[in-house]
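These notes concern the structure reproduced below.
Residue numbers (this note's numbering): -4 to 62.
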């Protein structure tokens, strides 16, 4: 399934990029996080654990990173 980005997702992405600017969070990772928050997804499959472990999502304490 492909999930389209909403205006709210773009706003949240910009918020994340600004908040975590010093961590050099990437645009794609920030958009994945924004969509995950909107869809209440807690588990994320990624090989980029660095970015996803730094961000504190709104809907849960932290993302569960797989594998």
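Just so it is clear, CB atoms sit at the ideal spot from N, CA and C, and this is done for glycine as well.
At which residues does the alpha helix (DSSP H) containing residue i begin and terminate?
i	result
residue 2	2 to 14
List the whole-angstrom C-beta distance separating residue i from residue j, where the pair is believed to meet the contact cut-off of C-beta under 8 Å.
i	j	result
residue 12	residue 20	6 Å
Taking residue i as the reference, which of the options has the closest Cα?
i	options	result
residue 59	15, 45 and 37	37
residue -2	18, 41, 43 and 26	26
residue 48	2, 34 and 24	24
residue 34	53, 44, 14 and 18	53
residue 51	-4, 15 and 2	15
Starting from residue i, trace the beta strand (DSSP E) both ways and give me its first and last residue.
i	result
residue 38	38 to 40
residue 20	Careful: residue 20 lies outside any beta strand (DSSP E) and carries neither H nor E.
Stretch pair the segment 4 to 11 + the segment 25 to 33: three plus CB contacts closer than 8 Å
yes
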